[in-house]
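The structure appears right after this line, and notes come after that.
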Amino acid sequence: MKLIPFFLLIGWLFIGCDSKKDSDLTIVSPNGEISLVVGLHNGQPTYAISRHGESIILPSKLGFNFQNQPQPANHFIINSTHKNSFSETYTLPYGEQKEYDNSYNELVINLLEDNEPFRRLQLIFRAFDDGVGFRYHFPEKEGMDSLLIVEELTEFNLAQDLESWWIPGDWDSYEHLYNHTRLSQIDATKKRNHPNLGTTFIPENAVNTPITMISSDGVHISIHEAALTDYPDMTLGVDTARLKLQAKLVGHQQNKNKAVIPLPFSTPWRTIIIAEDAKKIMTSNLILNLNEPSKIKNTDWIKPMKYTGIWLQMHIGTMSWDYGTGKHGATTENAKKFIDFAADNGIGGLLIEGWNTGWKDWFTGVAKDSIFDFVTATPDYNLPEVAAYAKSKGVELIMHHETAGAALAYEQHLDSAFALMNALGISYVKTGYVGEILPKGEHHHSQWMVKHYQKVIEKAAQHHIAVIAHEPIKATGVRRTYPNMISREGLRGQEFNVWGKDGGNPPEHLTVIPFTRMLGGPVDYTPGIFNTQLEPWRKDNQVNTTLAYQLALYVVLYSPVQMVTDFPENYQGHPAFQFIKDVGVDWDKTIVLDAQVGDYVVVARKEKGTSSWFLGGITDEHERKLGVRFDFLDADKTYQATIYQDAPNADFRDHSNAYEIKNYAVKKGDEKQFYCAPGGGFAMSIKEVTQ
Numbered sequence: 035m036k037l038i039p040f041f042l043l044i045g046w047l048f049i050g051c052d053s054k055k056d057s058d059l060t061i062v063s064p065n066g067e068i069s070l071v072v073g074l075h076n077g078q079p080t081y082a083i084s085r086h087g088e089s090i091i092l093p094s095k096l097g098f099n100f101q102n103q104p105q106p107a108n109h110f111i112i113n114s115t116h117k118n119s120f121s122e123t124y125t126l127p128y129g130e131q132k133e134y135d136n137s138y139n140e141l142v143i144n145l146l147e148d149n150e151p152f153r154r155l156q157l158i159f160r161a162f163d164d165g166v167g168f169r170y171h172f173p174e175k176e177g178m179d180s181l182l183i184v185e186e187l188t189e190f191n192l193a194q195d196l197e198s199w200w201i202p203g204d205w206d207s208y209e210h211l212y213n214h215t216r217l218s219q220i221d222a223t224k225k226r227n228h229p230n231l232g233t234t235f236i237p238e239n240a241v242n243t244p245i246t247m248i249s250s251d252g253v254h255i256s257i258h259e260a261a262l263t264d265y266p267d268m269t270l271g272v273d274t275a276r277l278k279l280q281a282k283l284v285g286h287q288q289n290k291n292k293a294v295i296p297l298p299f300s301t302p303w304r305t306i307i308i309a310e311d312a313k314k315i316m317t318s319n320l321i322l323n324l325n326e327p328s329k330i331k332n333t334d335w336i337k338p339m340k341y342t343g344i345w346l347q348m349h350i351g352t353m354s355w356d357y358g359t360g361k362h363g364a365t366t367e368n369a370k371k372f373i374d375f376a377a378d379n380g381i382g383g384l385l386i387e388g389w390n391t392g393w394k395d396w397f398t399g400v401a402k403d404s405i406f407d408f409v410t411a412t413p414d415y416n417l418p419e420v421a422a423y424a425k426s427k428g429v430e431l432i433m434h435h436e437t438a439g440a441a442l443a444y445e446q447h448l449d450s451a452f453a454l455m456n457a458l459g460i461s462y463v464k465t466g467y468v469g470e471i472l473p474k475g476e477h478h479h480s481q482w483m484v485k486h487y488q489k490v491i492e493k494a495a496q497h498h499i500a501v502i503a504h505e506p507i508k509a510t511g512v513r514r515t516y517p518n519m520i521s522r523e524g525l526r527g528q529e530f531n532v533w534g535k536d537g538g539n540p541p542e543h544l545t546v547i548p549f550t551r552m553l554g555g556p557v558d559y560t561p562g563i564f565n566t567q568l569e570p571w572r573k574d575n576q577v578n579t580t581l582a583y584q585l586a587l588y589v590v591l592y593s594p595v596q597m598v599t600d601f602p603e604n605y606q607g608h609p610a611f612q613f614i615k616d617v618g619v620d621w622d623k624t625i626v627l628d629a630q631v632g633d634y635v636v637v638a639r640k641e642k643g644t645s646s647w648f649l650g651g652i653t654d655e656h657e658r659k660l661g662v663r664f665d666f667l668d669a670d671k672t673y674q675a676t677i678y679q680d681a682p683n684a685d686f687r688d689h690s691n692a693y694e695i696k697n698y699a700v701k702k703g704d705e706k707q708f709y710c711a712p713g714g715g716f717a718m719s720i721k722e723v724t725q
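Structural data, given as structure tokens:
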């Protein structure tokens with residue numbers, strides 16, 4: 035990390051403890067475009083945000099309700115404040131770019147109650163060029179070791195009835211399609227989930243974060259949170275009449291309190307990304323910047339890669355997770371075949387699901403807190419032999435730990451499970467939490483589970499294991515602090531196309547994800563399906579994209595671990611498979627060339643350590659031409675571009691595999707347009723021509 039050597043104290047303001055006068059304090063972003071005003075009015079702290087003088091967030095209240103404690107509303111005075119400016123550049127073991135800029139102006143306000151019990155509260159605000167982050171800090175207090183939070187009262191009073199993309203405030207799942215309405219039209223209680231999901235709970239008209247919105251003058255705004263590690267998920271209750279969003283913390287089925295916090299304690303950051311257009315919001319690093327630097331000193335073992343898997347076959351039905359069905363997928367023989375396929379095609383890893391005992395018990399209803407021990411393989415799977423074979427071929431195995439939601443039982447097995455992985459030289463694990471959470475009463479997004487997910491990450495880091503989390507807590511930039519949290523699901527994934535009971539994922543779905551879910555961090559979506567009609571197994575289902583769209587996802591959707599999802603036989607001898615073999619997974623530079631939320635996106639990424647570029651462009655259900663101007667190339671070089679694009683007759687419904695491969699010589703300043711069919715796209719590799 036390169037640190038710009040200054041941490042400049044700008045000012046210090048002291049206001050006497052007997053003062054209850056209204057007061058406003060202001061900071062602006064380093065470029066002067068975003069202004070944050072924090073006020074204390076009749077003892078109630080508030081904040082407001084504007085951009086270029088136009089209101090984004092109107093004055094909004096801050097605070098909490100506590101259990102068994104007097105409520106502090108209207109009883110605060112300002113004890114002291116100070117301002118700071120900070121700037122640094124830092125690097126990550128992997129990422130969308132080589133270096134990240136982290137520059138902000140900070141305002142810290144120390145509040146004190148003017149009556150008993152004289153509690154203190156610190157408000158910390160940071161203004162960046164791309165938005166604002168703020169958090170609460172509870173200092174130590176004599177005679178009080180913890181607080182029980184019934185509700186957080188943080189408000190976001192929007193200045194307009196914004197165009198919004200949102201999913202319901204589900205306490206157990208993020209696997210919803212995004213809805214597109216005005217803020218005043220949000221009704222999350224009517225948006226229930228897919229019939230294949232066993233657990234989902236939407237208690238009120240609330241949305242999950244990130245919620246992304248656009249103002250009448252095109253300003254893009256996204257509300258989320260950063261550094262969520264030991265606190266409940268924040269959903270946002272919607273007051274459609276007042277255009278107000280208010281924090282609604284995920285709770286417990288029996289307990290009134292939402293969070294138990296030890297003193298001292300800092301909450302996650304509440305974040306508002308503000309950008310002039312879709313291109314700028316997609317490349318915001320505000321969430322990442324609000325997390326602490328890496329706590330893992332040596333990260334050489336965390337390596338980006340592509341991986342294949344014994345996984346899709348189970349969803350299609352040609353193989354089974356369950357030993358004893360006659361179709362068990364995780365056999366020694368099958369594993370070696372997949373290892374050979376990976377090694378022959380430069381694919382770095384192999385995920386094998388269903389390798390361990392317990393699946394039959396789970397499927398037949400045996401108490402799920404006792405079925406998986408994460409170390410006992412099925413009789414037809416010789417784990418040490420497979421691990422040794424993979425190592426001999428230069429392929430990383432990815433262990434699979436499906437907990438069935440029995441999180442407490444998983445914690446009790448973590449040491450033995452990770453010790454086995456260490457003994458076998460396995461450095462990656464995919465975790466899963468399908469179904470109702472145990473301990474009973476907890477939800478996937480409650481405080482207990484947030485702390486559980488963090489415990490798994492930290493324990494895995496001690497064992498030099500990288501985690502790919504499914505059914506996770508949402509991404510909030512924790513990968514900066516724990517880069518072994520390499521990728522996660524937390525969205526409606528590709529498997530919904532296979533299940534297909536509600537029509538699968540429409541083409542529009544992934545034109546929304548880069549501006550919503552992906553703002554929090556990498557996405558394990560499982561792209562690359564060539565047999566988009568799912569023939570001959572699922573005649574009534576299909577993947578609602580063209581083949582070219584599937585290729586483009588390797589660039590559009592960022593993840594340092596990208597799955598090569600389809601059956602190996604669907605890739606063998608297929609000319610378009612060359613793009614998957616070529617495309618990078620780690621980047622020196624990312625440029626969004628063109629984008630409109632919910633309609634289309636075009637992204638260019640420069641592969642780390644090479645001169646090669648890769649492009650991906652996708653559209654929704656509407657055909658369109660997307661233009662690329664090659665200004666990002668070096669001026670003194672010539673490049674060869676290979677384009678994989680939709681054929682003129684392509685359509686995701688009936689001709690999804692109609693595509694063309696073309697080659698062009700390109701140079702800086704060239705401009706070309708590419709046809710995208712309904713549900714289609716294009717992918718491009720650009721390599722420098724050397725003499």
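Note that the numbering used here has the sequence shown beginning at 35, numbered continuously upward. Backbone N, C-alpha and C fix where the C-beta goes; we use that ideal spot for every residue, glycine too.
CB contact flag (residue i, residue j, <8 Å)
i, j, result
"S354", "G392", "no"
"I432", "G466", "no"
"D738", "G562", "The shown model of the chain, from 35 to 725, leaves out residue 738, and the question about it has no answer."
"V637", "V619", "no"
"T305", "L320", "yes"
"K508", "G538", "no"
"S256", "I220", "no"
"L581", "N691", "yes"
"R526", "A503", "no"
"G203", "N139", "no"
"D680", "Y693", "yes"
"I350", "R639", "no"
Proximity winner among the options, relative to residue i (alpha-carbon distances)
i, options, result
"I90", "E542, E189, R639, P173", "E189"
"G97", "G73, W335, G555, R216", "G73"
"N76", "F110, N289, S84", "F110"
"D264", "I68, L145, K292", "K292"
"V590", "G650, E88, N604", "G650"
"T223", "G177, L270, L196, L187", "L270"
"H286", "G475, E176, W335", "G475"
"D378", "Q606, L297, E542", "Q606"
"D163", "P682, S119, M178, W199", "S119"
Cα-Cα separation, residue i to residue j
i, j, result
"N518", "S646", "26 Å"
"V557", "P506", "11 Å"
"R154", "A82", "22 Å"
"R608", "P266", "Going by the sequence as given, residue 608 is His instead of Arg. So the two alpha carbons sit approximately 47 Å from each other."
"I49", "S114", "Because the pLDDT at I49 is just 31, under 50, the model does not fix this residue reliably, and the point stays unresolved."
"Y170", "F530", "38 Å"
"R276", "S461", "50 Å"
"E326", "R687", "46 Å"
"V420", "L385", "12 Å"
"H497", "G661", "46 Å"
"A494", "N149", "46 Å"
"L37", "P93", "Caution is warranted here: a pLDDT of 31 is assigned to L37, below 50, making its placement in the model unreliable, and no coordinate value can be reported."
"F716", "D311", "23 Å"
"G714", "V635", "11 Å"
"V723", "M339", "25 Å"
"P594", "L126", "12 Å"
"M247", "P237", "23 Å"
"A453", "D407", "13 Å"
"P39", "G66", "With a pLDDT of only 29 at P39, under 50, the local geometry of the prediction cannot be trusted, and the value read off the model is given with reservation. Near 22 Å, if we compare the C-alpha coordinates of G66 and P39."
"E186", "I307", "21 Å"
Those residues which DSSP pairs with residue i across a bridge
i, result
"D685", "H689"
"H504", "Note: H504 sits in no beta bridge, so no partner."
"V272", "L279"
"L141", "K117, F159"
"K314", "Per DSSP, none; premise fails for K314."
"H349", "DSSP, once it has assigned bridges, lists no residue as partnering H349."
"T60", "V71"
"D414", "Beta-bridge pairing links D414 to no other residue."
Supposed close pair residue i, residue j - CB separation, criterion 8 Å
i, j, result
"L59", "L146", "That belief does not hold up - the Cβ atoms of L59 and L146 are roughly 16 Å apart, past 8 Å."
"V184", "F100", "6 Å"
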